[in-house]
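Enquirer:
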Amino acid sequence: MSKVKVLVTGGTGYIGSHTVVELIAAGYEPIIIDNLCNSSAKIVDQIEKITGVVPVFQQLDLCDEQATRDFIQEHHITNIIHFAAFKAVGESVAEPLSYYRNNFYSLINLLNARGSRAVNFVFSSSCTVYGQPKQLPVAEDAPVQPAESPYGNTKQIAEEMLRDLTKVNENFNVISLRYFNPVGAHASALIGELPIGIPQNLVPFITQTAIGKRESLTVYGSDYNTPDGSCIRDYIHVVDLAKAHIAALEALQLNKTTNYDVFNIGTGKGISVLEVIQAFETVSGEKLNYTIGPRRPGDVEQIWGEVKKAEQLLGWKAELDLAEMMRSAWAWENYLSEHPIV
Ligand code: NAD
Ligand code: WQD
Numbered sequence: 003m004s005k006v007k008v009l010v011t012g013g014t015g016y017i018g019s020h021t022v023v024e025l026i027a028a029g030y031e032p033i034i035i036d037n038l039c040n041s042s043a044k045i046v047d048q049i050e051k052i053t054g055v056v057p058v059f060q061q062l063d064l065c066d067e068q069a070t071r072d073f074i075q076e077h078h079i080t081n082i083i084h085f086a087a088f089k090a091v092g093e094s095v096a097e098p099l100s101y102y103r104n105n106f107y108s109l110i111n112l113l114n115a116r117g118s119r120a121v122n123f124v125f126s127s128s129c130t131v132y133g134q135p136k137q138l139p140v141a142e143d144a145p146v147q148p149a150e151s152p153y154g155n156t157k158q159i160a161e162e163m164l165r166d167l168t169k170v171n172e173n174f175n176v177i178s179l180r181y182f183n184p185v186g187a188h189a190s191a192l193i194g195e196l197p198i199g200i201p202q203n204l205v206p207f208i209t210q211t212a213i214g215k216r217e218s219l220t221v222y223g224s225d226y227n228t229p230d231g232s233c234i235r236d237y238i239h240v241v242d243l244a245k246a247h248i249a250a251l252e253a254l255q256l257n258k259t260t261n262y263d264v265f266n267i268g269t270g271k272g273i274s275v276l277e278v279i280q281a282f283e284t285v286s287g288e289k290l291n292y293t294i295g296p297r298r299p300g301d302v303e304q305i306w307g308e309v310k311k312a313e314q315l316l317g318w319k320a321e322l323d324l325a326e327m328m329r330s331a332w333a334w335e336n337y338l339s340e341h342p343i344v
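Taking this note's numbering, I'd label the letters of the sequence shown as residues 3 to 344.
(1) Could you tell me whether any Cβ in chain B is nearer than 8 Å to the Cβ of Gly307?
(2) For Arg180, which beta-bridge partners are listed by DSSP?
(3) For a test of your reading of the model: does the CB of Arg235 fall under 7 Å from any non-hydrogen atom of the ligand WQD? Yes or no.
(4) If we call anything under 8 Å between Cβ atoms a contact, is Glu150 one with Gly300?
(5) With a threshold of 7 Å, establish whether the CB of Thr11 neighbours any heavy atom of the ligand NAD.
(6) Please give me, in chain order, every unbroken run of the beta strand (DSSP E) with length at least 3 that falls completely inside the segment 48-102.
(7) Roughly how many whole angstroms lie between the Cα atoms of Leu113 and Thr228?
(8) Should Asn291 be counted as a contact of the ligand NAD given a C-beta to heavy atom distance under 7 Å?
(9) Would you mind reading off the limits of the alpha helix (DSSP H) that contains Pro211?
(10) Are the segment 87-96 and the segment 23-38 in contact at 8 Å, needing three or more beta carbon pairs?
(11) Evaluate Val170 with the Cβ neighbour count: other Cβ atoms within 10 Å of its Cβ, from every protein chain shown; 16 or more gives buried, anything less gives exposed.
(12) Could you tell me if Gln314 is buried or exposed, where buried requires 16 or more neighbouring beta carbons within 10 angstroms of its beta carbon?
(13) How many whole angstroms separate the CB atoms of Cys65 and Ser108, which I take to be in contact at a CB cut-off of 8 Å?
(14) Using the three-state DSSP reduction, which class does Leu322 fall into: helix, strand or coil?
(15) Kindly list the residues whose CB is nearer than 7 Å to the CB of Arg116, restricted to its own chain and excluding five residues on each side of it in sequence; keep chain order.
(16) Which residues share a DSSP beta bridge with Arg235?
(17) Looking at the secondary structure, which residues open and close the beta strand (DSSP E) in which Leu9 lies?
(18) To the nearest whole angstrom, what separates the beta carbons of Ala212 and Glu326, a pair I think is in contact under 8 Å?
(19) Can you tell which of Leu99, Leu9, Glu195 has its C-alpha closest to the C-alpha of Glu335?
(20) Tell me which residues share the same chain as Phe85 and place their Cβ nearer than 8 Å to its Cβ, disregarding the 5 neighbours each side in the sequence.
(21) Can you tell me whether Asp36 is helix, strand or coil according to DSSP?
(22) What are the residues that DSSP puts in a beta bridge with Leu256?
(23) Given the structure, does Ile83 come close to the ligand MG, in the sense that its CB is under 7 Å from one of the ligand's heavy atoms?
(24) Would you tell me roughly how many angstroms separate the C-alpha atoms of Leu316 and Ala249, rounded to the nearest one?
(25) Whose CA, out of Ala246, Gln255, Tyr237, lies closest to the CA of Ile278?
(26) Spatial neighbours of Val6 within its chain, please: CB distance less than 6 Å, with the 5 preceding and 5 following residues excluded, ordered by chain position.
(27) Rounded to the nearest angstrom, what separates Ala253 and Ser218 at their Cα positions?
(28) Alpha carbon to alpha carbon, how far is Lys215 from Asp143? Give it in angstroms, no decimals.
(29) Count the other C-beta atoms from every protein chain shown that fall within 10 angstroms of the C-beta of Val344, then say buried if there are 16 or more, exposed otherwise.
(30) For Asn266, count the other beta carbons within 10 Å of its own beta carbon; 16 or more makes it buried, fewer makes it exposed. Which is it?
(31) Please work out which residues of its chain come closer than 7 Å, Cβ to Cβ, to Glu321, disregarding the five sequence neighbours upstream and downstream, and give them in chain order.
(32) Comparing alpha-carbon positions, which option in Ile177, Asn291, Ser118, Gly54 lies nearest Leu256?
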């Protein structure tokens, strides 16, 4: 029997590449589109090293309407996991138009390209839509707060756009996954996060500091109203997150969800910045050079997800713990220092 094809946009990126590996393991045929603006074609070779399969890869900018339409039609695509987007919060504040342009043109072109074909669509959303929730853990029905950044706004508007479209297209089914904080790398250490320039996110900053690429990590604030004074997040292992996409795709295929549905994807546990550092030091045996600095503007104090809905409806639950997140992130940083990818 021929394998079910799944288009993975942004499939050479951080979360996309891990999802391609899990799709192959689950018996699907992933087809990657990426314009490589934030990743490398070498990731396709890394995927082959892990899986023994060379996935179809097309370097294509989804902002190119004609090329996107031709590709979707040529490959008879009916399953799409859409990761491709710009994702740096600070950059989006400095360059809002480039974020609105890239994240909306790519989504709209992809949706237009499907024509009238029945399509299952999994969208990468973010817990950023909740802002600072009033109640924790935050559930999917909590109010969406005014976005703090153009990046966050692209996620909110994209969710609305997708919901509106499902109302008038019965054969278009969407699941938006609201990721909490994805961290870690594949157990093989052959793929992981590839931050370009100075990392903005905590875990790559920790591993780059420990390996000597950065001098010191600044902990942004120790005077929050949390047990140790540092901010709290729901860190989710990227491999668990990748598997959530397969669960979502299967739920769509089996009509287990409404034709537009939203799920939190996290562990359901809040972990502080200082606890992340402690866990990293324990698994790596490295003493991390860090100082306590002022708060970072725009940071929410604490957030973690209510994750029962994904467990009940998608049959998915995070399995990997903080130690494994740190171990794999550290193994990947060490691999990269010997095998630079970009
Ligand atoms: P990433 O930058 O590693 O991957 C995105 C990929 O999309 C990159 O390979 C990039 O080259 C590609 N891309 C961007 N614009 C494109 C375009 N116009 N045409 C074709 N390819 C394009 O990011 P990631 O961390 O893997 O994130 C994937 C998705 O998940 C994004 O939509 C992001 O907003 C969302 N998300 C990420 C996080 C996170 O912390 N990493 C959290 C919540 C949501
Ligand atoms: C985590 C914690 C920082 C760096 C961002 C986006 C969000 C989503 C995930 C896409 C915070 C602290 C960080 C450092 C630190 N992405 N920190 N020193 O801000 O929770 O979420 O990525 O959708 O939209 O906003 O993640 O990794 O930047 O920060 O102390 O050098 O680590 O203050 O408490 P964040 P992060």
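C-beta: ideal position from N, C-alpha, C; glycine also.
For clarity, every value in this text was computed on a predicted model and none was experimentally measured.
Expert: Looking at the atomic coordinates:
(1) In the structure shown, chain B does not exist; there is a single protein chain.
(2) Ser127, Asn266
(3) yes
(4) yes
(5) yes
(6) 58-61, 81-84
(7) 42 Å
(8) no
(9) Just to set this straight, residue 211 is Thr in the shown sequence, not Pro. Per DSSP, Thr211 belongs to the alpha helix (DSSP H) from 204-213.
(10) no
(11) exposed
(12) Around the beta-carbon of Gln314, fewer than 16 other beta-carbon atoms lie within 10 Å, marking it exposed.
(13) That pair is a contact at about 6 Å.
(14) coil
(15) Ile74
(16) Ile273
(17) 7-11
(18) The pair is not a contact, with the Cβ atoms about 17 Å apart (cut-off 8 Å).
(19) Restricting attention to Leu99, Leu9, Glu195, the CA atom closest to the CA of Glu335 is found in Glu195.
(20) Cβ within range, chain order: Val10, Thr11, Gly12, Gly13, Gly15, Ile17, Gly18, Thr21, Ser126.
(21) strand
(22) In the DSSP output, where bridge partners are listed per residue, Leu256 has none listed.
(23) The ligand MG is not part of the structure shown, which contains the ligand NAD and the ligand WQD as its ligands.
(24) 6 Å
(25) Per the sequence shown, residue 278 should be read as Val rather than Ile. The shortest C-alpha separation from Val278 is found at Tyr237.
(26) Tyr30
(27) The straight-line gap from Cα to Cα measures roughly 44 Å.
(28) One C-alpha to the other measures close to 41 Å.
(29) That one is exposed.
(30) buried
(31) Asp242
(32) Ile177
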